[in-house]
Structure formats: structure tokens, C-alpha cells
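Numbering-wise, the sequence shown is residues 117 to 819 according to this note's numbering.
Note that beta-carbon positions come from the ideal geometry of N, C-alpha and C, so glycine has one too.
Keep in mind the model is a prediction, meaning the values are calculated, not measured.
Structure, as C-alpha cells:
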Amino acid sequence: MSDLIHYRIEDGLALIGFARPPVNALGQPLRAAIIDACERAAADVRVQVIILYGEHGIFCAGADITEFGTDASFAEPDLPSMLVRLTKIHKPTVAAIGKLALSGGLDLALACGYRIGEPDTRVGLSEINLGLLPGASRNPSLPGIIGAESVLKLILSGQQIDAECARTIGILDRIATGTEQLLDEARAYANELIDRCASARPADAWSMPGQDLSADFLSLYRTKYEPHWKSRLAPRLVLPSLEAACLLPLDQGLSRELALFKHAESSGQLKALRHVFFAERETGRIPGIEEDIALRKVNKVAVIGAGTMGGGIAMNFANAGIPVALLDLNGEALGQGLMQIRKNYEVSVKRGKMTVEQLEQRMDLLFGTLDYDDLFDADVVIEAVFEKMEIKQQVFLALEKVCKPGAILATNTSSLDVDVIAATVSRPQDVIGLHFFNPANVMRLLEVVRGKATAPDVVATIMNIAKRIGKLPVISGVCFGFIGNRMLEPYAREAHRLVLEGATPAQVDGVLTGLDLKMGVFRMLDFAGIDVSFLIRNSNGAATAYDKSYCRLGVELYALGRYGQKTGRGYYLYEGHNCKEDDEVVVLAERLANELEVPRRPIDSQEIHDRCMFMLINEGIQLLSEGIAMQASDIDLVWINGYGFPAHLGGPMHYAEQIGLNKVLAGIQYYRDVLGEYGHMWFQPAPLLERLVAVGKTRIEII
Ligand code: NAD
117 MSDLIHYRIE DGLALIGFAR PPVNALGQPL RAAIIDACER AAADVRVQVI
167 ILYGEHGIFC AGADITEFGT DASFAEPDLP SMLVRLTKIH KPTVAAIGKL
217 ALSGGLDLAL ACGYRIGEPD TRVGLSEINL GLLPGASRNP SLPGIIGAES
267 VLKLILSGQQ IDAECARTIG ILDRIATGTE QLLDEARAYA NELIDRCASA
317 RPADAWSMPG QDLSADFLSL YRTKYEPHWK SRLAPRLVLP SLEAACLLPL
367 DQGLSRELAL FKHAESSGQL KALRHVFFAE RETGRIPGIE EDIALRKVNK
417 VAVIGAGTMG GGIAMNFANA GIPVALLDLN GEALGQGLMQ IRKNYEVSVK
467 RGKMTVEQLE QRMDLLFGTL DYDDLFDADV VIEAVFEKME IKQQVFLALE
517 KVCKPGAILA TNTSSLDVDV IAATVSRPQD VIGLHFFNPA NVMRLLEVVR
567 GKATAPDVVA TIMNIAKRIG KLPVISGVCF GFIGNRMLEP YAREAHRLVL
617 EGATPAQVDG VLTGLDLKMG VFRMLDFAGI DVSFLIRNSN GAATAYDKSY
667 CRLGVELYAL GRYGQKTGRG YYLYEGHNCK EDDEVVVLAE RLANELEVPR
717 RPIDSQEIHD RCMFMLINEG IQLLSEGIAM QASDIDLVWI NGYGFPAHLG
767 GPMHYAEQIG LNKVLAGIQY YRDVLGEYGH MWFQPAPLLE RLVAVGKTRI
817 EII
């Protein structure tokens, strides 16, 4: 028997344990081993019930992602045929689901007649996150078990649900007392099935899964949700696939599903999303830091500044059960900060995402203070006070006095030099930048800014704690704007310049959202506050002195007090959540163009795309060559998770590779030549891009 499977027989039960760490990915060898073991148990007269379980706590996290797009994905037994064979076994089969049954792993559990989970079990169909559809078994199992509407929600959200929810909708029959008890309680369940002479499979609750649906259910569903899918292919293919599962006979349904799966598999979106999947894994591996480096203990956290960011940052820790002290200068600001946190939690309670008890538990973990002495036992302190170097330095001096040796001192600065802040204290090795994004309790991205002196164990500890609080940490070196905001500059500059040259903000944004970015650049700047970007840019200064047209429209709007959404006017006009174009902005752009002697002309979508995107890409490549980003894929993660770049395009670096690096370079050179003085000022290809193209490389890497 294969070493991917542990097989034993105990008192009439065949126990088949999956032993392919870390997640029992269902590659061809494991698929073959599972079905062989099950069929062997089925043929063994000593066996009355078969139990499938994961040896290391996880049942199965789904297909082997490295097989997608290769022949191995369909090598016999492929997933559908393995599952069909499993459903034909004439003895009851129990899936003892440990922590996780995802995608093909959930299909596998559902092909078993009976399922027991544990309190921490999470299940889901996450294929959509990779641009795929569940490739198997909805026909024989899922809609039949939980009904077509629940299946659609599960597939289209790609989200995991917890054990209780899984039991409510019928995925789990029961939940074991705990992890330790899972296998014993699965045995007890199997013995009950023997005692009551249970059939191999119970009658499905939804034997005619399509029956509960109205004739126009799928078309109404499509009309309602299609606008949210933008150009994503997989959600569109889910509906016909489900239709096939509900309405066609098994064989025809399966072959239709397979055809749809292959369609999704052959699209560029799978490639991009798989790139993102591996990028997230890669980002934890940091050159020069051993994987087994000893981490500093983090049992208590403190946040300085109870404003917009401080409150959100504190919530992350309370959500993860970590006590957090919140300090502000005065009682009023502190009281307001704590009240805002409570309000945020109350919204979650209203939405049914949290109970009142959980709200109180989290508030109990938050301790407001005005006294720095209260921070004596904090393991990590995160400063989120006003964005002024002198104020930050004062805070760090105060922290140095009260914090225990080895405490990590972090700054949430968005633009100041982390090395200068670190140099304020006598322990710069303990200082690091933690650039949270607003709203800090919601946004997944965390730029971890590694200073010149930051100790390796500080970086490793922060990467670990970031994951504990549900963030995606990406390492950045120290530079103005770090990875994300530094790339935003040339991208926003180009958008502003295009408006001077004759485009409108809505036209520019339309091209960007047409590419599936969550927001166009002007909408994003309005949302974040024109005052915020103005003050940051102004503190940097150099660019505006170099180019008089640099984001000039933003400067003028700032002077007019049009700070964006919060003042109801910015690049657009706002009435509530409605956003409208504003003729005054166009008139202002005309006046500025005149003043700056920028010729105006009609601008087409391709030019908008190329100038904004190529400048974004060029800056990313430059950042990589400077060592600010450790790898191109980190840049992709920053822009996907912090700036709404569509994951199905893989991030700006992956997108550039798909366009072709030679074309990106040629585009930059073209605009350098046709835009005259302005072109020569800004359209300078990153030397790394030139080198990559010169040697015929198609991937962005350091050479
Ligand atoms: P904010 O004005 O909302 O809050 C700042 C808080 O700090 C206030 O409550 C103030 O009373 C308090 N404070 C000021 N000086 C203090 C001191 N010496 N000791 C203790 N408390 C003090 O500001 P914010 O938007 O939360 O920004 C905070 C930091 O986060 C800044 O460095 C900013 O650049 C950065 N940041 C902001 C955003 C954003 O979108 N707002 C995003 C990322 C990073």
C-alpha cells in the first residue's frame, strides 16, 4: 500500500488515513491511493464501515494546485471518476473531517455517505479564488445534499464556513467534542451505523436538486450578480455548470461540467490567480532569516494614538484575543477612539457577524490609557500618531524610557523615514515600520518596513503576529511611500497629466475600472482624501519643483478645500454615496493647461491605459532593482490587496509579463519620444526593464 495512505482494520472498521503533508493535496498519486484503499476495504468481508480521515489534523485542502493546466490534472483516476467510484461503494463510508475540507477535499467528504467534523472544522469550495469551478461531484452529491441555492453561495463566495454552519446546511451530520476526540467519535458513529444496518448512503435531502428552483432562478441570479463579476470568467461558468448538475443525467452532467472546468482551466485567469496563490506563500520566506529563528513572545500589544488608524489597528489584536492598550494624549481623543471601536463592533453585531458577548469580550481586551508608564509590559508597541517626524520622535523617546528590553517598537508612518525614527532611540534593532491600510481592521495588506538596523527576529516575529491577526504581510525596504504609495505616485501623476492634456477624470477612471481595478485613480484619491495626498506629496516636494504640471489639478482642488468624498467635492461631486462628474473640474483643467502651456487634444483609451499602467509597472520594476521589494510577486500582492488591482490579472508585475516586457518597454520609449519635454522628464525606462528585454527575459526578476 502507498505511503500516502495509512490503512488498518479494527473491529469491523477500515481506517484510511491520508498522509500527504502539509494539506493532503489530491494529486494523482493520492487520488489513486484513496480509491484503491476504499475499494480494497469494500471487498474485504471483515470491513463493515470505512472511515476516511487526515493523519495530521487536516482532512484535505483540495486539488494539487501544481497539477492545474497539466495532464496530471486529468490523469486516472481523475477527481470526478474517483468520486463516482467512491459513491458506488456499497458499504457506509464516514468522513472524519479535521480542520479543513476544501474544494476537492469537500467533494471527497461529500462523496462519503456520512460526515463528522470537529468544532474547528472549516469547509468551503474555494476554486473560484483560483479562477476555477469545482471540477467534480456536484452531480452526485453537493446539490443533492444541501440544495442548489446553498451550493451557488458556497461556490461563488469561495469562502469557508465553520462547523456549525456546515451542520446547519447539511454538510456535517454531527460535530465531535474536540480534535482529540474526532477519530474515537467517528468510530462510535460508524458502530451506530453498523447497529442500525445503515445503507451505504442516506437518502439525499434534495434528491431533485433543481426542483426547488424557479424556472428563471439562474437567469435572475445572473442578472443580479453579473455586474460584480466584471470580467471574471469562472463565476459565469458556475451557473451552466450548476444547471448541468441539477438538470442533466449524471453522465451528461459530468461531461458538461468537465468541459466547463477545462474552459476555466485554460484561461489566463487561472494562471494569474495561481501566481497570486504562490506569491502569498513566497512572501513569508525572507532571505537571511532562518525559518526556525526564535521568535519574541507577543502576549500584549500597545497602540499609541486612538485616531482613525490606531483604533483600527487595536481592533485587529482584540479580534485575535490579544490584550491591547490604547494610549492617546488626551482623554477626549481616547474616549472618542474607544467609542468608535465599540461602534464598529456594533455594526458587526447588527450584521450578525458577531454576538453581543463577543463584542464585550473584545472590548474587555482593550485598555485605554493616558499614561506611558502603563506600557511597561507591552511586547509590541505600534505608534499611530500624527504624521510629523518631531512628534513621532518624541513618542519613540517616551517609549524608550518605559518599554521593557526587547519590546518591538513599530511605526505606522505612511511616508516618513523609518531609519530616522529608529535612530532616535538607543535600540534601533527593535524598530520596524508597520504600514497598515485604512480601514486597518478590514484591509488585509500590511507593509512591513524593514529598517537598516531592524533585527531579523523582529522581522520574523512581526511576520508571525501579522498572520495571527489575519493580515497579509509584505516586506518593503525604506523609501518614500514604501512599495504601494511609491508606485501610486507615477500612476497618479500620469492620470493628472492626462486630464490636463484633454481627458476627463471619469474617462481615465473608466479605463482603469474597465480593466477591473476596484476604483479609478481619481475616485481612490477622493476616497482617501485629496488633503492627505497633498500633504504627503508636499512634504516630499522634489517632484513638484521638477515638473510644474505635477498633479497640479490635485493641488488646485486642495487649495479650493475640495478634499474629496468627505467634503462632498473633489475630482467628482458627491451626494451621499452617489458620485457625479463635475464640469467645474474640467473647466479648471482647461485653465491649468492653458496656464502651463499644455496642448489639449482628444485622448483615447489605449493611451490612458498605456501611460498609467506602464508608469506603474516601470516604478515597480525600479523598486525591485533597488531592493525595496524582495521579489516581483510581492509588488503584485501589495497592489492587489492595498489598491484594488484585480487578482485575476495577477498584479501589475504579472500583468506586465502577460502584455510582454518588450511591449511595455516599447510603449515607454514611444511616449518618451512623442510627449516632448514632459516625455523625457518621466518616461525613462527602468534600467532593469531594459536589461530584461535586451536578454530576452519574459519574467521580471533581478539580473
Ligand atoms: P489621526 O489624526 O486620525 O489620529 C492621530 C491620533 O494620535 C489622535 O487621536 C491624536 O490625539 C493622537 N496623538 C497625536 N500625538 C500624540 C502623542 N504624542 N501621543 C499620543 N497620541 C498622540 O491620524 P491617522 O489617520 O490615524 O494617522 C496616524 C498615522 O497613521 C499617521 O502616521 C499616518 O500617516 C498613518 N497612516 C494613515 C492612514 C490613513 O489613511 N489615515 C493610512 C496609513 C497610515
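Next on the checklist: Mapping the DSSP letters down to three states, classify N255 as helix, strand or coil.
Outcome noted: Any reading at N255 needs caution, since the residue's pLDDT is 45, under 50, leaving its predicted position unreliable; the model's value is listed next. DSSP places N255 in coil when its eight states are reduced to three.
Checklist entry - Roughly how many whole angstroms lie between the Cα atoms of L689 and M425? => result 26 Å
Item to check | Rounded distance between the beta-carbons of T620 and V702, thought under 8 Å | outcome: 6 Å
Item to check | Residue environment, L486, which counts as buried when at least 16 other CB atoms sit within 10 Å | outcome: exposed
Checklist entry - Who are the near neighbours of S118 in its chain, counting only those whose CB is closer than 6 Å to its CB and skipping five residues on each side? => result A149
Next on the checklist: Could you tell me the alpha carbon to alpha carbon distance between A227 and S219, rounded to whole angstroms?
Outcome noted: 12 Å
Item to check | Closer than 8 Å: L641 CB and nearest ligand 1 heavy atom | outcome: no
Item to check | Closer than 8 Å: D444 CB and nearest ligand 1 heavy atom | outcome: yes
Item to check | Own chain residues within Cβ distance below 8 Å of Y787, not counting five before or after | outcome: D726, R727, F730, G795, F799
Next on the checklist: Any heavy atom of ligand 1 inside 8 Å of the beta-carbon of S721?
Outcome noted: no
Checklist entry - With which residues is Y169 paired in a DSSP beta bridge? => result G133, A212
Checklist entry - Any contact of the stretch 443-457 with the stretch 527-534, i.e. 3+ C-beta pairs under 8 Å? => result no
Checklist entry - DSSP beta-bridge partners for Q276? => result G240
Checklist entry - Whose C-beta lies closer than 8 Å to the C-beta of R602 among residues of the same chain, with five residues either side of it excluded? => result C595, F596, E735, L739, I744
Next on the checklist: Taking the alpha carbon of F553 as the reference point, which residue from H344, I507, I429 has its own alpha carbon closest?
Outcome noted: I429
Next on the checklist: Between Q510 and ligand 1, is there a pair consisting of the residue's CB and a ligand heavy atom that are separated by less than 8 Å?
Outcome noted: yes
Checklist entry - Given a threshold of 16 other Cβ atoms within 10 Å of its Cβ, counted over all protein chains shown, does Y305 qualify as buried or as exposed? => result buried
Checklist entry - Is it right to say R136 is buried, meaning 16 or more other beta carbons lie within 10 angstroms of its own, or is it exposed? => result buried
Checklist entry - Which residue comes first and which comes last in the alpha helix (DSSP H) that contains L616? => result 600-617
Next on the checklist: For a test of the three-state rule: what should DSSP assign to L808, helix, strand or coil?
Outcome noted: helix
Checklist entry - Quick one, which of L249, R283, A539, D278 has its alpha-carbon nearest I261's? => result R283
Item to check | Residues near K520 by beta carbon distance below 7 Å, same chain, minus five either side | outcome: F492, D493
Next on the checklist: Which of the three DSSP states is assigned to V440 in this structure?
Outcome noted: strand
Checklist entry - Cβ of V648 within 8 Å of any heavy atom in ligand 2? => result Ligand 2 is absent from the structure shown, which contains only ligand 1.
Checklist entry - Contact between the stretch 749-757 and the stretch 386-398: three or more CB pairs below 8 Å? => result yes
Checklist entry - Taking 8 Å as the cut-off, is the CB of F101 close to at least one heavy atom of ligand 1? => result In the structure as shown, the chain starts at 117 and stops at 819, and residue 101 therefore has no counterpart that could be examined.
Checklist entry - Is it the case that the CB of I420 approaches a heavy atom of ligand 1 more closely than 8 Å? => result yes
Next on the checklist: Determine whether the beta carbon atoms of N140 and A191 lie at a separation below 9 Å.
Outcome noted: no
Checklist entry - Count the other CB atoms within 10 Å of the CB of I125; is the residue buried (16 or more) or exposed (fewer)? => result exposed
Checklist entry - Roughly how many whole angstroms lie between the Cα atoms of G421 and T399? => result 29 Å
Next on the checklist: Less than 8 Å separating the Cβ of E605 from some heavy atom of ligand 1?
Outcome noted: no
Checklist entry - Between A802 and the rest of its own chain, which residues show a CB-CB distance below 8 Å, the 5 nearest in sequence each way excluded? => result N734, E735, I737, Q738, S741
Item to check | Residues near R372 by beta carbon distance below 8 Å, same chain, minus five either side | outcome: P356, S357, A360, L364
Next on the checklist: Would you say the beta carbon of N528 is closer than 8 Å to some non-hydrogen atom of ligand 1?
Outcome noted: yes
Item to check | Buried versus exposed, by CB contacts within 10 Å (16 or more), Q297 | outcome: exposed
Checklist entry - So, helix, strand or coil for S118, using DSSP? => result coil
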